[in-house]
Each structure stands twice: as structure tokens, then as C-alpha cells.
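In the numbering used here, the protein residues as written are 1 to 177.
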């Protein structure tokens with residue numbers, strides 16, 4: 001399969017899980033494209049058979065500290081990221097887009113689906129923590145996030161209790177898996 005994985009570049013759990021999943025999927029023979037604003041924190045010395053990294057900003061660019069979760073992307077940052085995902089989705093014929101952490105990636109995958117229409121990859125989201133407990137309850141971020149999450153093809157969480165919380169906070173018809 002051709003799989004796209006979207007994640008933050010920070011040192012947080014969602015990025016680490018996304019990178020490790022990408023490496024394992026590539027090890028199992030899938031073609032994996034990992035999308036991050038900059039190189040995910042830590043060494044990036046995977047063999048040619050590992051995930052293909054796509055960045056939208058230079059690693060030399062001053063940005064947030066790796067320990068901080070940068071979710072308040074500007075419109076140009078979101079558009080640049082979306083454009084890279086669209087380009088790769090078209091060229092590599094991605095079967096799946098799997099985002100780790102809802103902000104801003106649920107919005108990005110919704111826009112990719114809107115632009116590609118029936119040619120869009122299946123969209124899967126994994127909710128990790130503060131994307132639900134903090135941002136989901138935010139009066140400005142919560143409502144558009146709720147709408148974007150309702151449009152994904154599958155939604156997962158990191159635990160059963162987090163699935164219950166996500167269903168409650170986002171008003172989902174069913175709990176994520």
C-alpha cells in the first residue's frame with residue numbers, strides 16, 4: 001500500500017508514534033510518506049527502505065522548541081503543508097492518509113479530500129491527548145475540529161477512556177476505536 005502519515009515534528013508522543021509506525025509499515029513493505037513541518041525531533045537516519053520524509057519548512061528555520069506542541073499554524077503554513085500532501089497524493093497514488101494529532105491535520109486531510117474528490121485517499125485519524133482534552137473544548141478551535149473529524153473514514157484513539165472522552169467532546173455518533 002501507499003500510505004501517507006501526517007504528524008508534528010515535536011518530541012511529543014504523537015510524533016514518536018507516527019514516526020515509529022511509519023518505520024514499521026515501511027519495514028513490512030509498504031511505501032510510506034511521512035509529512036512533517038520540519039524533520040521530526042531526533043535522528044533521521046533511516047535506510048532507503050524506510051519512510052520518505054516530506055517537510056514544508058527548513059530545519060534551520062527558527063521555530064518552536066521541540067518539546068512544545070505547535071498547533072496554531074498560520075494559513076500559509078497550512079496551505080504549504082496541504083500542497084505538499086496533495087502533490088505526493090497525486091504522484092504516489094496514496095491509498096491512505098493517517099494523521100496523528102487532530103490539529104492541524106484533520107483540517108489538512110479534509111481539504112485534501114475536498115480538492116481530490118473521489119480520488120482522495122482513505123482518511124484515518126488518531127487522537128492522542130490534548131487535541132481532545134484541550135483543543136476539542138476550545139470555543140474557537142473545537143467546532144471546526146469537530147466538523148473535520150466527523151468527515152474522516154476512521155478514527156482511533158490511544159486508549160478506551162480517550163475514545164469515550166473524544167465521543168463526548170466532539171459529539172461523535174460512535175466512539176473511536
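Positions of the beta carbon are idealized from the N, C-alpha and C atoms, including for glycine.
**Prompt:** Where DSSP assigns a beta bridge to residue 157, which residues make up the other side?
**Reply:** Working through the chain shown from its first residue, we reach residue 157 at position 157. 127, per the DSSP bridge assignment.
**Asked** Residues bridged to residue 4 by DSSP?
**Response** Translated into positions along the chain shown, residue 4 becomes position 4. Partner(s): 33 and 97.
**Message:** I need the DSSP call for residue 115, collapsed to helix, strand or coil.
**Reply:** The count along the chain shown starts at 1 and reaches residue 115 at position 115. Residue 115 falls in the helix class under three-state DSSP.
**Prompt:** With a cut-off of 8 Å, do at least 3 Cβ pairs link the stretch 32-39 to the stretch 151-158?
**Reply:** With fewer than three CB-CB distances shorter than 8 Å, the stretch 32-39 does not count as touching the stretch 151-158.
**Message:** Between the alpha carbons of residue 162 and residue 53, how many angstroms are there, rounded?
**Reply:** Here residue 162 refers to the residue found at position 162 of the chain shown. Here residue 53 refers to the residue found at position 53 of the chain shown. Spanning the two alpha carbons is a distance of roughly 29 Å.
**Message:** Going by C-alpha to C-alpha distance, which of 93, 92, 125 and 142 sits closest to residue 108?
**Reply:** Looking up residue 108 in the chain shown gives position 108. Ranking 93, 92, 125 and 142 by Cα distance to residue 108 puts 125 first.
**Asked** Would DSSP call residue 84 helix, strand or coil?
**Response** In the chain shown, residue 84 corresponds to position 84, counting from 1. Note: residue 84 maps to helix in three-state DSSP.
**Request:** Just tell me which of 95, 9 and 147 has its CA closest to the CA of residue 116.
**Result:** Here residue 116 corresponds to residue number 116 of the chain shown, with the count starting at 1. Ranking 95, 9 and 147 by Cα distance to residue 116 puts 95 first.
**For residue 53, the first and last residue of its enclosing beta strand (DSSP E)** = In the chain shown, counting from the first residue as 1, residue 53 sits at position 53. Start and end: 52-55.
**Asked** Given 8 Å as the limit, is there contact between the stretch 90-105 and the stretch 141-150, that is, 3 or more CB pairs closer than that?
**Response** In short, these stretches touch, since the Cβ pair count reaches three.
**Request:** Under 7 Å Cβ to Cβ from residue 112, same chain only, skipping five residues before and after it: list those, please.
**Result:** To locate residue 112, count along the chain shown from 1; it is residue 112. For residue 112, where only same-chain residues beyond five positions count, the Cβ hits under 7 Å are 82, 85, 86, 89, 97 and 120.
**Prompt:** Quick one, which of 2, 3 and 20 has its alpha-carbon nearest residue 9's?
**Reply:** Taking the first residue of the chain shown as 1, we reach residue 9 at position 9. It is 20 whose Cα lies nearest to the Cα of residue 9.
**Prompt:** Where does residue 15 land, buried or exposed, given buried means 16+ other C-beta within 10 angstroms?
**Reply:** The residue labelled residue 15 in the question sits at position 15 within the chain shown. Per the 10 Å Cβ criterion, buried.
**Message:** Between which two residues does the alpha helix (DSSP H) holding residue 13 run?
**Reply:** Here residue 13 refers to the residue found at position 13 of the chain shown. For residue 13, the enclosing alpha helix (DSSP H) covers residues 13-27.
**Asked** How big is the Cα-Cα spacing for residue 55 and residue 35?
**Response** Reading the chain shown from its first residue, position 55 is the one you call residue 55. Reading the chain shown from its first residue, position 35 is the one you call residue 35. If you draw a straight line from the Cα of residue 55 to the Cα of residue 35, it comes to about 6 Å.
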